[in-house]
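Take a look at the structure set out below.
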Amino acid sequence: MAPPIYSALIISLGLGTTMTFASTHWYLAWMGIEINTLAIIPLMAQNHIPRAIEATTKYFFVQATASATLLFAGISNAFLTGQWDITYTPYTLTSTLITLALAMKIGLAPLHSWMPEVMQGLNLLTGLILSTWQKLAPLYLIYQIQPNNPNIFIALGLLSIIIGGWGGFNQVQLRKILAYSSIAHLGWMILILSFSPPLALLTIIIYILMTFSLFSSFMLTRTTHINSLSTTWAKIPILTVSTPLILLSLGGLPPLTGFMPKWMILQELAKQSLCPLATMAALSSLFSLYFYLRLSYAMTLTMPPNNPAGTLPWRLNPRHNTLPLALTTTSTICLLPMTPAIMSLMPF
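Counted from 1, the sequence shown has number 151 at position 151 by full-length UniProt numbering; the numbering is strictly sequential.
As C-alpha coordinates, this is what we get:
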(Lines of atoms letter the chains of each structure in order from A and count residues from 1; the text may use other names and numbers.)
(Lines give C-alpha, C1' and ligand atoms only; values in the text may rest on other atoms or scores of the structure.)
Protein backbone atom coordinates (compact mmCIF):
# COMPACT_ATOMS: atom_id res chain seq x y z
CA MET A 1 0.00 0.00 0.00
CA ALA A 2 1.30 3.45 -0.94
CA PRO A 3 2.41 5.57 2.03
CA PRO A 4 0.02 8.49 1.27
CA ILE A 5 -2.97 6.13 1.15
CA TYR A 6 -1.83 4.36 4.31
CA SER A 7 -1.42 7.70 6.10
CA ALA A 8 -4.88 8.84 4.97
CA LEU A 9 -6.45 5.65 6.33
CA ILE A 10 -4.68 5.98 9.69
CA ILE A 11 -5.79 9.63 9.94
CA SER A 12 -9.35 8.55 9.13
CA LEU A 13 -9.20 5.98 11.93
CA GLY A 14 -8.21 8.69 14.37
CA LEU A 15 -10.79 11.11 12.97
CA GLY A 16 -13.67 8.65 13.31
CA THR A 17 -12.89 7.82 16.94
CA THR A 18 -12.33 11.49 17.81
CA MET A 19 -15.64 12.44 16.21
CA THR A 20 -17.45 9.85 18.32
CA PHE A 21 -15.68 11.04 21.48
CA ALA A 22 -16.69 14.64 20.79
CA SER A 23 -20.33 13.86 19.94
CA THR A 24 -23.42 14.32 22.07
CA HIS A 25 -25.71 13.61 19.09
CA TRP A 26 -26.51 10.04 18.07
CA TYR A 27 -26.18 10.70 14.36
CA LEU A 28 -22.71 12.25 14.64
CA ALA A 29 -21.56 9.43 16.92
CA TRP A 30 -22.85 6.88 14.40
CA MET A 31 -21.06 8.72 11.60
CA GLY A 32 -17.78 8.60 13.52
CA ILE A 33 -18.09 4.84 13.99
CA GLU A 34 -18.81 4.42 10.27
CA ILE A 35 -15.73 6.45 9.30
CA ASN A 36 -13.74 4.17 11.59
CA THR A 37 -15.14 1.03 9.97
CA LEU A 38 -14.62 2.23 6.40
CA ALA A 39 -11.03 3.26 7.18
CA ILE A 40 -9.93 -0.12 8.56
CA ILE A 41 -11.44 -2.24 5.76
CA PRO A 42 -8.69 -1.39 3.20
CA LEU A 43 -6.07 -2.09 5.88
CA MET A 44 -7.58 -5.51 6.47
CA ALA A 45 -7.66 -6.39 2.76
CA GLN A 46 -4.23 -5.02 1.83
CA ASN A 47 -2.53 -8.45 1.66
CA HIS A 48 -4.76 -9.61 -1.26
CA ILE A 49 -4.91 -13.20 -0.06
CA PRO A 50 -8.16 -15.23 0.12
CA ARG A 51 -8.14 -15.49 3.93
CA ALA A 52 -7.72 -11.73 4.34
CA ILE A 53 -10.49 -11.00 1.84
CA GLU A 54 -12.77 -13.48 3.62
CA ALA A 55 -12.03 -11.89 6.99
CA THR A 56 -12.67 -8.41 5.58
CA THR A 57 -16.00 -9.50 4.10
CA LYS A 58 -17.14 -11.06 7.38
CA TYR A 59 -16.09 -7.95 9.29
CA PHE A 60 -17.95 -5.67 6.87
CA PHE A 61 -21.21 -7.64 7.10
CA VAL A 62 -21.11 -7.82 10.91
CA GLN A 63 -20.29 -4.14 11.28
CA ALA A 64 -22.96 -3.15 8.76
CA THR A 65 -25.57 -5.15 10.70
CA ALA A 66 -24.50 -3.59 13.99
CA SER A 67 -24.45 -0.09 12.47
CA ALA A 68 -27.94 -0.50 11.01
CA THR A 69 -29.24 -1.70 14.38
CA LEU A 70 -27.52 1.20 16.16
CA LEU A 71 -28.97 3.76 13.75
CA PHE A 72 -32.43 2.23 14.05
CA ALA A 73 -32.21 2.32 17.84
CA GLY A 74 -31.00 5.92 17.78
CA ILE A 75 -33.83 7.01 15.48
CA SER A 76 -36.35 5.14 17.63
CA ASN A 77 -35.00 6.82 20.76
CA ALA A 78 -35.24 10.24 19.08
CA PHE A 79 -38.81 9.47 17.96
CA LEU A 80 -39.86 8.48 21.48
CA THR A 81 -38.05 11.21 23.41
CA GLY A 82 -37.91 14.05 20.91
CA GLN A 83 -34.13 14.50 21.20
CA TRP A 84 -30.90 12.96 19.91
CA ASP A 85 -28.90 13.26 23.15
CA ILE A 86 -26.66 10.23 23.71
CA THR A 87 -27.01 10.29 27.49
CA TYR A 88 -30.83 10.34 27.40
CA THR A 89 -32.13 6.82 26.74
CA PRO A 90 -35.00 6.35 29.22
CA TYR A 91 -36.72 3.51 27.37
CA THR A 92 -35.58 -0.05 28.06
CA LEU A 93 -36.16 -1.25 24.48
CA THR A 94 -33.99 1.39 22.81
CA SER A 95 -31.21 1.21 25.40
CA THR A 96 -31.11 -2.59 25.07
CA LEU A 97 -30.95 -2.41 21.28
CA ILE A 98 -28.15 0.14 21.47
CA THR A 99 -26.22 -1.98 23.96
CA LEU A 100 -26.54 -5.14 21.84
CA ALA A 101 -25.53 -3.30 18.66
CA LEU A 102 -22.42 -1.91 20.35
CA ALA A 103 -21.70 -5.33 21.89
CA MET A 104 -21.74 -6.81 18.37
CA LYS A 105 -19.33 -4.13 17.19
CA ILE A 106 -16.71 -4.92 19.83
CA GLY A 107 -17.29 -8.68 19.89
CA LEU A 108 -18.88 -9.32 23.29
CA ALA A 109 -20.42 -12.76 23.84
CA PRO A 110 -22.85 -14.05 22.65
CA LEU A 111 -22.28 -11.77 19.64
CA HIS A 112 -18.60 -12.72 19.41
CA SER A 113 -18.42 -15.49 16.81
CA TRP A 114 -17.04 -13.22 14.09
CA MET A 115 -14.06 -12.03 16.14
CA PRO A 116 -11.75 -15.11 16.11
CA GLU A 117 -12.39 -15.82 12.42
CA VAL A 118 -11.70 -12.23 11.41
CA MET A 119 -8.55 -12.01 13.55
CA GLN A 120 -7.21 -15.20 12.01
CA GLY A 121 -7.28 -13.63 8.53
CA LEU A 122 -5.38 -10.44 9.46
CA ASN A 123 -1.74 -9.62 9.94
CA LEU A 124 -0.59 -8.83 13.47
CA LEU A 125 -0.52 -5.05 13.06
CA THR A 126 -4.09 -4.85 11.76
CA GLY A 127 -5.13 -7.33 14.45
CA LEU A 128 -3.63 -5.00 17.06
CA ILE A 129 -5.67 -2.09 15.70
CA LEU A 130 -8.82 -4.22 15.69
CA SER A 131 -8.22 -5.40 19.27
CA THR A 132 -7.51 -1.96 20.74
CA TRP A 133 -8.31 1.19 18.77
CA GLN A 134 -11.46 -0.10 17.06
CA LYS A 135 -13.06 -0.82 20.44
CA LEU A 136 -12.66 2.66 21.89
CA ALA A 137 -15.56 4.42 20.13
CA PRO A 138 -18.21 1.72 20.87
CA LEU A 139 -16.96 1.46 24.46
CA TYR A 140 -17.31 5.21 24.85
CA LEU A 141 -20.95 5.01 23.76
CA ILE A 142 -21.59 2.08 26.12
CA TYR A 143 -20.00 4.17 28.87
CA GLN A 144 -22.37 7.04 28.04
CA ILE A 145 -25.74 5.28 27.92
CA GLN A 146 -25.56 3.53 31.34
CA PRO A 147 -29.00 1.80 31.42
CA ASN A 148 -30.93 1.82 34.69
CA ASN A 149 -30.99 -1.98 34.80
CA PRO A 150 -27.40 -3.32 35.05
CA ASN A 151 -28.46 -6.93 34.46
CA ILE A 152 -27.73 -6.78 30.73
CA PHE A 153 -24.16 -5.62 31.42
CA ILE A 154 -23.72 -8.33 34.05
CA ALA A 155 -24.99 -11.01 31.66
CA LEU A 156 -22.83 -9.84 28.75
CA GLY A 157 -19.76 -9.48 30.95
CA LEU A 158 -19.99 -12.84 32.68
CA LEU A 159 -20.80 -14.68 29.45
CA SER A 160 -17.83 -12.99 27.72
CA ILE A 161 -15.45 -14.01 30.54
CA ILE A 162 -16.62 -17.64 30.33
CA ILE A 163 -16.63 -17.92 26.52
CA GLY A 164 -13.41 -15.92 26.15
CA GLY A 165 -11.65 -18.43 28.39
CA TRP A 166 -13.39 -21.54 27.12
CA GLY A 167 -12.88 -20.67 23.46
CA GLY A 168 -9.11 -20.45 23.84
CA PHE A 169 -8.83 -24.15 24.69
CA ASN A 170 -7.11 -26.33 22.07
CA GLN A 171 -6.31 -23.32 19.87
CA VAL A 172 -2.90 -23.34 18.18
CA GLN A 173 -3.22 -20.12 16.16
CA LEU A 174 -2.00 -17.17 18.22
CA ARG A 175 -4.36 -14.70 16.57
CA LYS A 176 -7.40 -16.76 17.57
CA ILE A 177 -6.06 -17.03 21.11
CA LEU A 178 -5.61 -13.25 21.22
CA ALA A 179 -9.17 -12.79 19.95
CA TYR A 180 -10.58 -14.91 22.77
CA SER A 181 -8.33 -13.06 25.20
CA SER A 182 -9.83 -9.79 23.99
CA ILE A 183 -13.36 -11.13 24.50
CA ALA A 184 -12.56 -12.18 28.08
CA HIS A 185 -10.94 -8.88 29.04
CA LEU A 186 -13.80 -6.86 27.60
CA GLY A 187 -16.11 -9.02 29.69
CA TRP A 188 -14.33 -7.87 32.86
CA MET A 189 -14.72 -4.26 31.78
CA ILE A 190 -18.42 -4.56 30.95
CA LEU A 191 -19.07 -6.48 34.17
CA ILE A 192 -17.95 -3.57 36.38
CA LEU A 193 -19.13 -0.71 34.15
CA SER A 194 -22.51 -0.26 35.87
CA PHE A 195 -20.97 -0.13 39.34
CA SER A 196 -17.70 1.79 38.86
CA PRO A 197 -17.12 3.48 35.47
CA PRO A 198 -13.64 4.81 36.48
CA LEU A 199 -12.58 1.25 37.29
CA ALA A 200 -13.83 0.13 33.85
CA LEU A 201 -11.72 2.91 32.31
CA LEU A 202 -8.64 1.73 34.23
CA THR A 203 -9.31 -1.84 33.06
CA ILE A 204 -9.41 -0.87 29.39
CA ILE A 205 -6.22 1.22 29.69
CA ILE A 206 -4.30 -1.68 31.26
CA TYR A 207 -5.77 -4.09 28.69
CA ILE A 208 -4.50 -1.88 25.85
CA LEU A 209 -1.02 -1.74 27.43
CA MET A 210 -0.83 -5.52 27.80
CA THR A 211 -2.25 -6.24 24.35
CA PHE A 212 0.12 -3.79 22.67
CA SER A 213 3.09 -5.44 24.42
CA LEU A 214 2.05 -8.95 23.38
CA PHE A 215 1.27 -8.07 19.75
CA SER A 216 4.55 -6.15 19.46
CA SER A 217 6.49 -9.15 20.78
CA PHE A 218 4.87 -11.43 18.23
CA MET A 219 5.44 -8.91 15.44
CA LEU A 220 9.17 -8.74 16.23
CA THR A 221 9.50 -12.50 15.93
CA ARG A 222 6.86 -12.87 13.18
CA THR A 223 5.14 -15.58 15.19
CA THR A 224 1.57 -16.64 14.40
CA HIS A 225 1.53 -20.29 15.54
CA ILE A 226 2.10 -21.81 18.95
CA ASN A 227 4.82 -24.13 17.58
CA SER A 228 6.86 -21.12 16.45
CA LEU A 229 7.17 -19.81 20.00
CA SER A 230 9.94 -22.28 20.82
CA THR A 231 12.30 -20.54 18.34
CA THR A 232 11.93 -17.12 19.96
CA TRP A 233 15.17 -17.55 21.93
CA ALA A 234 17.16 -17.81 18.68
CA LYS A 235 15.65 -14.61 17.28
CA ILE A 236 15.40 -12.22 20.25
CA PRO A 237 16.51 -13.93 23.47
CA ILE A 238 15.16 -11.27 25.83
CA LEU A 239 11.62 -11.97 24.59
CA THR A 240 11.94 -15.49 25.99
CA VAL A 241 11.83 -13.84 29.41
CA SER A 242 9.53 -10.85 28.82
CA THR A 243 6.79 -12.48 26.72
CA PRO A 244 5.85 -15.17 29.31
CA LEU A 245 5.64 -12.40 31.92
CA ILE A 246 3.29 -10.46 29.62
CA LEU A 247 1.17 -13.59 29.17
CA LEU A 248 0.99 -14.18 32.92
CA SER A 249 0.08 -10.52 33.41
CA LEU A 250 -2.78 -10.98 30.95
CA GLY A 251 -3.83 -13.97 33.01
CA GLY A 252 -4.03 -11.77 36.10
CA LEU A 253 -1.34 -13.37 38.25
CA PRO A 254 0.29 -11.33 41.02
CA PRO A 255 2.69 -9.52 41.32
CA LEU A 256 2.15 -8.39 37.71
CA THR A 257 0.11 -5.43 36.45
CA GLY A 258 -2.77 -7.53 35.12
CA PHE A 259 -3.65 -8.56 38.67
CA MET A 260 -4.58 -4.96 39.57
CA PRO A 261 -7.87 -4.51 37.61
CA LYS A 262 -9.16 -8.00 38.41
CA TRP A 263 -8.39 -7.57 42.09
CA MET A 264 -10.13 -4.19 42.21
CA ILE A 265 -13.13 -5.45 40.22
CA LEU A 266 -13.63 -8.40 42.56
CA GLN A 267 -13.31 -6.05 45.53
CA GLU A 268 -15.94 -3.70 44.08
CA LEU A 269 -18.33 -6.57 43.34
CA ALA A 270 -17.96 -7.74 46.93
CA LYS A 271 -18.78 -4.21 48.13
CA GLN A 272 -21.95 -4.34 46.03
CA SER A 273 -22.96 -7.59 47.80
CA LEU A 274 -22.41 -9.58 44.62
CA CYS A 275 -20.07 -12.20 46.05
CA PRO A 276 -21.55 -15.10 43.97
CA LEU A 277 -20.97 -13.06 40.80
CA ALA A 278 -17.41 -12.24 41.86
CA THR A 279 -16.76 -15.92 42.58
CA MET A 280 -18.07 -16.99 39.16
CA ALA A 281 -15.96 -14.35 37.40
CA ALA A 282 -12.82 -15.37 39.32
CA LEU A 283 -13.33 -19.07 38.62
CA SER A 284 -14.11 -18.41 34.95
CA SER A 285 -10.85 -16.49 34.56
CA LEU A 286 -9.00 -19.75 35.26
CA PHE A 287 -9.94 -20.86 31.73
CA SER A 288 -8.01 -17.92 30.29
CA LEU A 289 -5.12 -18.53 32.67
CA TYR A 290 -4.82 -22.07 31.33
CA PHE A 291 -4.04 -21.07 27.76
CA TYR A 292 -1.72 -18.24 28.89
CA LEU A 293 0.25 -20.82 30.87
CA ARG A 294 0.17 -23.10 27.84
CA LEU A 295 1.73 -20.37 25.69
CA SER A 296 4.34 -19.63 28.37
CA TYR A 297 5.21 -23.34 28.53
CA ALA A 298 5.53 -23.52 24.73
CA MET A 299 7.90 -20.55 24.77
CA THR A 300 10.18 -21.40 27.69
CA LEU A 301 10.19 -25.17 28.23
CA THR A 302 10.13 -26.53 24.67
CA MET A 303 13.23 -24.85 23.29
CA PRO A 304 15.38 -26.92 20.88
CA PRO A 305 18.50 -28.31 22.58
CA ASN A 306 20.92 -27.39 19.78
CA ASN A 307 22.00 -24.07 18.31
CA PRO A 308 21.03 -23.31 14.70
CA ALA A 309 23.79 -23.03 12.15
CA GLY A 310 24.77 -19.65 10.71
CA THR A 311 24.41 -16.14 12.07
CA LEU A 312 21.73 -15.80 14.72
CA PRO A 313 19.13 -13.13 13.93
CA TRP A 314 19.61 -11.40 17.30
CA ARG A 315 23.19 -10.55 16.31
CA LEU A 316 21.86 -8.31 13.54
CA ASN A 317 20.49 -4.80 13.93
CA PRO A 318 16.71 -4.85 14.54
CA ARG A 319 14.57 -3.37 11.79
CA HIS A 320 11.82 -2.22 14.16
CA ASN A 321 11.80 0.46 16.82
CA THR A 322 11.72 -1.44 20.10
CA LEU A 323 11.31 1.56 22.44
CA PRO A 324 7.46 1.37 22.55
CA LEU A 325 7.70 -2.35 23.28
CA ALA A 326 10.19 -1.73 26.10
CA LEU A 327 8.00 0.94 27.69
CA THR A 328 4.74 -0.99 27.47
CA THR A 329 6.37 -4.24 28.62
CA THR A 330 7.74 -2.47 31.70
CA SER A 331 4.27 -1.07 32.40
CA THR A 332 2.68 -4.48 31.84
CA ILE A 333 4.96 -6.14 34.37
CA CYS A 334 5.75 -3.54 37.03
CA LEU A 335 2.71 -1.31 37.73
CA LEU A 336 1.14 -3.32 40.56
CA PRO A 337 3.08 -1.52 43.37
CA MET A 338 1.57 1.76 42.12
CA THR A 339 -2.00 0.59 42.85
CA PRO A 340 -2.45 2.87 45.93
CA ALA A 341 -1.30 5.89 43.92
CA ILE A 342 -3.64 5.05 41.04
CA MET A 343 -6.55 4.56 43.44
CA SER A 344 -5.90 7.97 44.99
CA LEU A 345 -5.90 9.66 41.59
CA MET A 346 -9.09 8.07 40.23
CA PRO A 347 -12.56 8.69 41.76
CA PHE A 348 -13.49 5.09 42.62
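We put the beta carbon where it would ideally sit given N, CA and C, even for glycine.
If you reduce the DSSP assignment to three classes, tell me which class residue i lands in.
i      : result
Gln63  : helix
His185 : helix
Gln134 : helix
Gln272 : coil
Gln267 : helix
Gln171 : coil
With distance defined between alpha-carbon atoms, name the residue in the options nearest to residue i.
i      : options                           : result
Val62  : Ser12, Asn77, Leu108 and Tyr6     : Leu108
Leu9   : Gln46, Tyr88, Gln83 and Trp26     : Gln46
Ser213 : Leu336, Ser242, Met119 and Leu28  : Ser242
Ser3   : Leu43, Trp30, Gly32 and Pro116    : The amino acid occupying residue 3 in the given sequence is Pro; Ser does not appear at that position. The candidate whose alpha carbon is nearest that of Pro3 is Leu43.
Pro254 : Leu335, His225, Ala278 and Ser284 : Leu335
Ile206 : Ser7, Trp30, Ala29 and Ile342     : Ile342
Gln144 : Asp85, His112, Ala234 and Met260  : Asp85
Leu158 : Ala281, Thr203, Glu117 and Leu28  : Ala281
Ile265 : Thr224, Pro198, Trp233 and Leu250 : Pro198
His320 : Ile53, Ile5, Leu220 and Ala179    : Leu220
Thr24  : Tyr59, Ala78, Ser7 and Ile49      : Ala78
Thr81  : Thr57, His48 and Trp26            : Trp26
Would you check if the distance between the CB atom of residue i and the CB atom of residue j is smaller than 8 Å?
i      : j      : result
Ile98  : Leu136 : no
Phe215 : Leu124 : yes
Ser76  : Thr65  : no
Thr240 : Met299 : yes
Tyr140 : Thr329 : no
Pro165 : Ser288 : In the sequence as displayed, the identity of residue 165 is Gly instead of Pro. Yes, Cβ-Cβ distance for Gly165 and Ser288 is below 8 Å.
Met346 : Leu191 : no
Leu111 : Met104 : yes
Ser284 : Ile161 : yes
Leu178 : Ser113 : no
If I measure Cβ to Cβ from residue i and keep anything under 7 Å in the same chain, skipping five residues before and after, which residues do I get?
i      : result
Asn36  : Leu13, Gly16, Thr17, Gln134 and Ala137
Leu248 : Leu256, Tyr292 and Ser296
Glu34  : Ser67
Ser331 : Leu209 and Thr257
Ile106 : Lys135, Pro138, Leu139 and Leu186
Ala39  : Leu9, Ser12, Leu13 and Gly16
How many angstroms separate the CA atom of residue i from the CA atom of residue j?
i      : j      : result
Pro337 : Gly258 : 12 Å
Ala29  : Ala101 : 13 Å
Gly127 : Tyr290 : 22 Å
Gln173 : Thr223 : 10 Å
Leu193 : Leu245 : 27 Å
Phe195 : Trp233 : 44 Å
Phe218 : Tyr91  : 45 Å
Pro261 : Gly251 : 11 Å
Met115 : Ser230 : 27 Å
Thr339 : Trp263 : 10 Å
Arg51  : Glu117 : 10 Å
Met31  : Ala155 : 28 Å
Excluding the 5 residues flanking residue i on each side, which residues of the same chain have their C-beta closer than 6 Å to its C-beta?
i      : result
Leu269 : Leu277 and Ala278
Gly167 : Tyr180
Thr211 : Ser131 and Thr132
Can you list, in chain order, the residues of its chain with a C-beta nearer than 8 Å to that of residue i? Leave out the 5 residues immediately preceding and following it.
i      : result
Asn227 : Val172 and Ala298
Leu323 : none
Kindly indicate if chain C contains any beta-carbon less than 8 Å away from that of residue i.
i      : result
Gln171 : You won't find chain C in this structure, because it holds only one protein chain.
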